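Q: Quick one: the structure is below, questions incoming.
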Amino acid sequence: MPELPEVETVRRMLESSVLGRTVRSARISGLKLRSRVPAELPARLRGRTIESLGRHGKYLLIGFDRGLTLLSHLGMSGRWLYFPDAGDRSLDHVHARLVLVGGGALWFQDPRRFGLLRIVETAKLARDASLRRLGPDPVTTPLAGEALHEIAHGSRQAIKTFLLDQRRLAGIGNIYASEILFRSGVDPRRMAGRLSRAEWDRVASDTRQVLEEAIRGMGTTFSAYRTLWGEPGSYGERLLVYDRPGEPCLRCGSPIRRILQGQRSTFFCPVCQGRRTRSGPRAGRKA
DNA sequence: ATCCTATCCTGTAGGC
DNA sequence: TGCCTACAGGATAGGA
Numbered sequence: 002m003p004e005l006p007e008v009e010t011v012r013r014m015l016e017s018s019v020l021g022r023t024v025r026s027a028r029i030s031g032l033k034l035r036s037r038v039p040a041e042l043p044a045r046l047r048g049r050t051i052e053s054l055g056r057h058g059k060y061l062l063i064g065f066d067r068g069l070t071l072l073s074h075l076g077m078s079g080r081w082l083y084f085p086d087a088g089d090r091s092l093d094h095v096h097a098r099l100v101l102v103g104g105g106a107l108w109f110q111d112p113r114r115f116g117l118l119r120i121v122e123t124a125k126l127a128r129d130a131s132l133r134r135l136g137p138d139p140v141t142t143p144l145a146g147e148a149l150h151e152i153a154h155g156s157r158q159a160i161k162t163f164l165l166d167q168r169r170l171a172g173i174g175n176i177y178a179s180e181i182l183f184r185s186g187v188d189p190r191r192m193a194g195r196l197s198r199a200e201w202d203r204v205a206s207d208t209r210q211v212l213e214e215a216i217r218g219m220g221t222t223f224s225a226y227r228t229l230w231g232e233p234g235s236y237g238e239r240l241l242v243y244d245r246p247g248e249p250c251l252r253c254g255s256p257i258r259r260i261l262q263g264q265r266s267t268f269f270c271p272v273c274q275g276r277r278t279r280s281g282p283r284a285g286r287k288a
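Here my numbering is used: the first residue of the first sequence is 2, the next is one more, and so on.
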């Protein structure tokens, strides 16, 4: 669910609400998310103060004093929720609850449990197995078309799949991959290694534009995503192709198509995102 | 190496 | 109403 803009929205809200706050106590559910929530989390966070809020791709880094970082990933259905009153709500699927000194509570909720919570020593962050794999973050370090052209050199992956690959670029997910390629007028089935330098220039600038606009709209709420305040994001109203199969393209009026790539939906306009060489043996068919 | 598939889990929407 | 299936914003281990 949450891609770079959604995670960045949560990061900013955390920054404005819990930066400088200290953990009075913490509890965990003990359930397994993507991996097990560390049993020592409550003991290690108790008494620590939140000093920084960082993000790389879809990973959120909550930095505490004395060299500890809480690494978090929202997976498909994860949410961070902040309650100023620390009141005891009854909510399902809450896997971590931090109570803050001076009132207020921070909860991590994740029904599907594809999310991640991990305690990492701040000094060792660069060596973390998950973070180490990530490519550059296109918002923190905007890339020129030239760099992308270079990264994609020789790749036979479909461009849509390429954009989803966190080792190439960190942060783009299924919604924004379709939106970016629509803006760029690139057929999602084309091989990444076959895009021209000029096409990569467009993809690079559209990537930046789409992600930044989405951040301004506080992200896209398709169903589950909520901001730190539990509110939906507004960028969903501005999606041009995602989840609009059969509806007229907002640019040319032809019906938007939905295809599967790597078992995930891709939405595109077959007219605006012209033909050219496609990748994969059967990537072309499907209705 | 590089690419593709299956899998983890719950909730929800749509067909009957 | 209920039952069933398909699908959902993600990452990753394992096989080809």
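Glycine residues also receive a C-beta, built at the ideal position from the N, C-alpha and C atoms. It should be emphasised that the depicted structure is a prediction, and the values quoted were computed from it without experimental measurement.
Leaving out five residues before and five after Pro256 in sequence, what residues of the same chain have Cβ atoms less than 6 Å from its Cβ?
A: Around Pro256: Gly247.
Q: For a test of the three-state rule: what should DSSP assign to Leu170, helix, strand or coil?
A: Correct three-state label for Leu170: coil.
Q: Any contact of the stretch 9 to 24 with the stretch 80 to 92, i.e. 3+ C-beta pairs under 8 Å?
A: They touch, by the three-pair rule.
Q: Could you name the residues that DSSP lists as bridge partners for Leu72?
A: Answer is Leu62, Arg119, bridged to Leu72.
Q: Run through the stretch 250 to 277 for me and flag every whole beta strand (DSSP E) of 3 or more residues, listed as ranges in chain order.
A: Here the runs fully enclosed are 258 to 262, 265 to 269.
Q: Below 8 Å on the Cβ atoms is my contact criterion, and I expect Arg259 with Pro271 to pass it. Report the Cβ-Cβ distance as a whole number of Å.
A: Contact doesn't hold; Cβ gap of about 11 Å is too wide.
Q: Check Gly55 in the structure and name its three-state DSSP category.
A: Reduced to three states, the DSSP call for Gly55 is strand.
Q: Which residues share a DSSP beta bridge with Lys1?
A: Residue 1 lies beyond the stretch modelled for the chain, which goes from 2 to 288, so this question has no answer here.
Q: Suppose the cutoff is 7 Å on Cβ atoms and the five residues either side in sequence are ignored; what does the same chain contact list for His94 look like?
A: Result list for His94: Gln110, Asp111, Pro112, in chain order.
Q: Where do the ends of the beta strand (DSSP E) carrying Ala178 lie?
A: Per DSSP, Ala178 belongs to no beta strand (DSSP E); it is in the alpha helix (DSSP H), 175 to 185.
Q: Counting Cβ pairs closer than 8 Å, one from the stretch 238 to 247 and one from the stretch 31 to 45, do we hit at least three?
A: No contact exists between the stretch 238 to 247 and the stretch 31 to 45.
Q: Do Arg157 and Gly194 have their beta-carbon atoms positioned less than 8 Å apart in this structure?
A: Result yes, Cβ atoms of Gly194 and Arg157 sit closer than 8 Å.
Q: Taking Cβ to Cβ, would you say Gly64 is nearer than 8 Å to Thr123?
A: Yes.
Q: Express the C-alpha separation of Thr141 and Gly172 in angstroms, rounding to a whole number.
A: Cα to Cα, the separation comes out at about 11 Å.
Q: Which of helix, strand or coil does DSSP assign to Ser360?
A: The shown model of the chain, from 2 to 288, leaves out residue 360, and the question about it has no answer.
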